[in-house]
Amino acid sequence: MEIRILNRENIQQVLSMKETIEADKEALKIYSDKQSDIPLRANLDIPEYDGQSLYMYGYVAPAKASGVKIVSVYPHNIERGLTSVPATMVTLNSETGEVNCLMDGTYLTQLRTGAVAGAATDELARKDASIFALFGTGGQAETQLEAVLNVRPIKEVKVFDLSKERRENFANKMQKKFGNIFEVNIRAVNSSDEAVKDADIITTVTTAKEAVFDGTLVKPGAHINGVGSYTPEMAEIPESLIIKADKIYVDTWDGAVKESGDLIQPLEKGILQENQITGEIGDQIAGRIKGRESEEEITFFETTGSAVLDLVVAQKIYEAAAEKGIGQIISL
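Going by my numbering, the residue at position 6 of the sequence shown is 499; the numbering climbs one at a time, nothing skipped.
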């Protein structure tokens, strides 16, 4: 049995952000078409090391994608000089069940998570959106920025993080990386209010447990992506924005509506009713529900991530790498 090994650089060689955005759209539509088998992720506690391993697995028949992403959360790894959230993607040949690829699951997660917000932005944001506000500068932030730059004619990006040093370092690094390619000005701002002012698109990718901006300042016609909240306790998006939004979309109903505090908290308070959630973005991509219908509508997209994204994107990465002969081959 031959297994292809792909690291971050290999993945970047074979799949662009634009291609990943289209792959995520395909995955979301397949999920909403009920043509995939995505069980709830399995969580395994390792108490003696204060660790936890998560297994995200499934089968996506139309994409011939099968496999499992193993993500571990070991907070004490930092003391060992290791990443605290290591991840590996294992793909299988869906016809034989044999493992055919191991790839960097950390970068895969960053890539498909940036791309899913890019997909929603492409579907829902105004076509003339030119000002982008990005909240958070952690490991997921770069691909969030790259995805939005790929789908809208952004001229100005305003970056906010609670740490002045982090936001300035991130903005400077991104300006050097993307400034000339996209003809965009990327700068750090000193307050959340300044970030939101006049923003056409807002993305939050933080670990916050309370709102990171003032929802009343969001202008008509804006599109917002909630990316960071994946537990009931985490809530980046202000409830005032939830109330204000004309349409609310989710990546998967079982994930976003049942796992994200952005939606769970207003639902529990009765501020939001489930029937006010427009639906899954995959249904909008398929044309079963409507997207933006006016230039003044405020649209909101919530994602908690799903194995369907990992599986479809990983399969495309594997196929492209195999075709181009990229990666290391090992035999078992």
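Glycine included, C-beta positions come from ideal geometry on N, C-alpha and C.
Self-check item: Cβ-Cβ distance between A749 and I531 below 7 Å
Solution: Numbered from 1 along the sequence shown, position 256 holds the residue referred to as residue 749. Numbered from 1 along the sequence shown, position 38 holds the residue referred to as residue 531. Going by C-beta atoms, A749 is not nearer than 7 Å to I531.
Quiz prompt | Closest by C-alpha distance to I563, when choosing among G598, H569 and N570 | solution = Numbered from 1 along the sequence shown, position 70 holds the residue referred to as residue 563. It is G598 whose Cα lies nearest to the Cα of I563.
Practice problem: Indicate the three-state DSSP secondary structure (helix, strand or coil) for K670 in the structure shown. | Solution: Indexing the sequence shown from 1 puts residue 670 at position 177. In the structure shown, K670 sits in a helix (DSSP, three-state: H, G or I).
Quiz prompt | Own chain, CB closer than 8 Å to V711, minus 5 neighbours either side, in chain order | solution = On the sequence shown, position 218 is the one that residue 711 refers to. These residues qualify, in order along the chain: V689, A692, I695, I717, L734, K737 and I791.
Quiz prompt | Classification of K651 by the beta-carbon crowding that lies within 10 angstroms, buried from 16 upward | solution = Here residue 651 refers to the residue found at position 158 of the sequence shown. It is buried - the Cβ of K651 has at least 16 other Cβ atoms within 10 Å.
Exercise. Leaving out five residues on either side along the sequence, give the residues of the same chain with a beta carbon under 8 Å from the beta carbon of E687.
Key: Mapped onto the sequence shown, residue 687 falls at position 194. Here the set comprises K651 and F653.
Quiz item: Using a Cβ-Cβ cut-off of 7 Å (strictly less than) and excluding sequence neighbours within five positions of A580, which residues of its own chain qualify?
Solution: Here the question's residue 580 lines up with position 87 in the sequence shown. Hits under 7 Å: K562, I563, V564, G598, T599 and T602.
Self-check item: Continuous beta strand (DSSP E) stretch holding E580: start and end
Solution: For the purposes of this step, residue 580 is identified with residue 87 of the sequence shown, where counting begins at 1. For the record, residue 580 in the displayed sequence is Ala; it is not Glu. Where A580 is concerned, the enclosing beta strand (DSSP E) stretches over A580 to L585.
Exercise. Kindly identify the DSSP beta-bridge partner or partners of M896.
Key: A question about residue 896 goes unanswered here, because the residues of the chain that appear run from 494 up to 825.
Quiz prompt | Cβ-based burial, D803 [other Cβ within 10 Å; buried from 16] | solution = Within the sequence shown, numbered from 1, the residue matching residue 803 stands at position 310. Buried, since its Cβ has 16 or more Cβ neighbours within 10 Å.
Quiz item: Among S684, K648, F671 and K669, which residue has its Cα nearest to the Cα of S656?
Solution: In the sequence shown, counting from the first residue as 1, residue 656 sits at position 163. For S656, the nearest C-alpha among the options comes from S684.
Practice problem: Check whether the Cβ atoms of A612 and K518 lie closer than 7 Å to each other. | Solution: Here residue 612 refers to the residue found at position 119 when the sequence shown is read from its first residue. Here residue 518 refers to the residue found at position 25 when the sequence shown is read from its first residue. Taking 7 Å as the Cβ cut-off, A612 and K518 qualify as a contacting pair.
Exercise. Give me whichever residues DSSP pairs with Q821 in a beta bridge.
Key: Counting from 1 along the sequence shown, the entry for residue 821 is found at position 328. I498.
Quiz item: Y600 lies in the alpha helix (DSSP H); which residues open and close that run?
Solution: As a working note, residue 600 is residue 107 in the sequence shown. That run of the alpha helix (DSSP H) goes G598 to L617.
Quiz item: Since T630 contacts R605 with CB under 8 Å, what's their CB separation in whole angstroms?
Solution: For the purposes of this step, residue 630 is identified with residue 137 of the sequence shown, where counting begins at 1. For the purposes of this step, residue 605 is identified with residue 112 of the sequence shown, where counting begins at 1. At roughly 20 Å, the Cβ-Cβ gap does not stay under 8 Å, so T630 and R605 are not in contact.
Self-check item: Nearest residue (CA-CA) to L533, options A815, D526 and Y552
Solution: One-based indexing of the sequence shown puts residue 533 at position 40. Out of A815, D526 and Y552, Y552 has the C-alpha closest to the C-alpha of L533.
Quiz prompt | Assigned secondary structure, A813 (DSSP; H/G/I helix, E/B strand, else coil) | solution = Looking up residue 813 in the sequence shown gives position 320. A813 falls in the helix class under three-state DSSP.
Exercise. List the whole-angstrom C-beta distance separating I730 from G719, where the pair is believed to meet the contact cut-off of C-beta under 8 Å.
Key: Residue 730 sits at position 237 when you count from the first residue of the sequence shown. Residue 719 sits at position 226 when you count from the first residue of the sequence shown. Yes, I730 and G719 are in contact; Cβ-Cβ is about 5 Å, under 8 Å.
Practice problem: Within its chain, find whatever has a CB closer than 7 Å to the CB of E703; leave out the 5 residues flanking it on each side and keep chain order. | Solution: Taking the first residue of the sequence shown as position 1, residue 703 is located at position 210. A728.
Quiz item: Under a three-way DSSP split, which group does E697 fall into?
Solution: As a first step, residue 697 is located in the sequence shown; it is residue number 204 there, counting from the start. Per the sequence presented here, residue 697 reads as Thr, with Glu not at that position. It is a strand residue.
Quiz prompt | Close beta carbons around R680, own chain, < 6 Å, minus the five adjacent residues each side | solution = Residue 680 sits at position 187 when you count from the first residue of the sequence shown. Cβ within range, chain order: A664.
Quiz item: CB-CB under 8 Å to Q758, same chain, minus the five flanking residues each way: which ones, in chain order?
Solution: If you number the sequence shown from 1, residue 758 lands on position 265. Answer for Q758: P725, A728 and E732, listed in chain order.
Exercise. Have a look at the DSSP bridge pairing and note the partners of T792.
Key: The residue labelled residue 792 in the question sits at position 299 within the sequence shown. Answer by DSSP bridge pairing, in chain order: H716 and K740.
Self-check item: Cβ-based burial, A558 [other Cβ within 10 Å; buried from 16]
Solution: Here residue 558 is taken as the residue at index 65 of the sequence shown, counted from 1. The residue is buried, with at least 16 neighbouring Cβ atoms inside 10 Å.
Quiz prompt | Backbone secondary structure at D707 - three-state DSSP | solution = Taking the sequence shown and counting its residues from 1, the one referred to as residue 707 is at position 214. Of the three classes helix, strand and coil, the one that applies to D707 here is coil, per DSSP.
Self-check item: Proximity below 7 Å, CB of R497 to CB of G820
Solution: Your numbering for residue 497 matches position 4 in the sequence shown. Your numbering for residue 820 matches position 327 in the sequence shown. Closer than 7 Å, so yes.
Practice problem: Would you list the one or two residues that DSSP bridges to K651? | Solution: For this step, residue 651 is matched to residue 158 along the sequence shown. Partner(s): A626 and R680.
Quiz prompt | Selected residue, minimal CA-CA separation from Y742, among E773, G754 and A516 | solution = To locate residue 742, count along the sequence shown from 1; it is residue 249. Among E773, G754 and A516, the Cα nearest to that of Y742 is on E773.
Practice problem: List the whole-angstrom C-beta distance separating G607 from Q637, where the pair is believed to meet the contact cut-off of C-beta under 8 Å. | Solution: On the sequence shown, residue 607 is found 114 positions in, with the first residue counted as 1. On the sequence shown, residue 637 is found 144 positions in, with the first residue counted as 1. Indeed they touch by this definition, with Cβ atoms about 5 Å apart.
Quiz item: Once you ignore the five residues that flank V609 on each side, which residues in its own chain have a CB closer than 7 Å to its CB?
Solution: Position 116 of the sequence shown, counted from the first residue, corresponds to residue 609. Closer than 7 Å at the Cβ level, and outside the excluded window around V609, lie D517, D744, T796 and L802.
Quiz item: Can you name the start and end residues of the alpha helix (DSSP H) that L760 belongs to?
Solution: Residue 760 sits at position 267 when you count from the first residue of the sequence shown. Start and end: G754 to K762.
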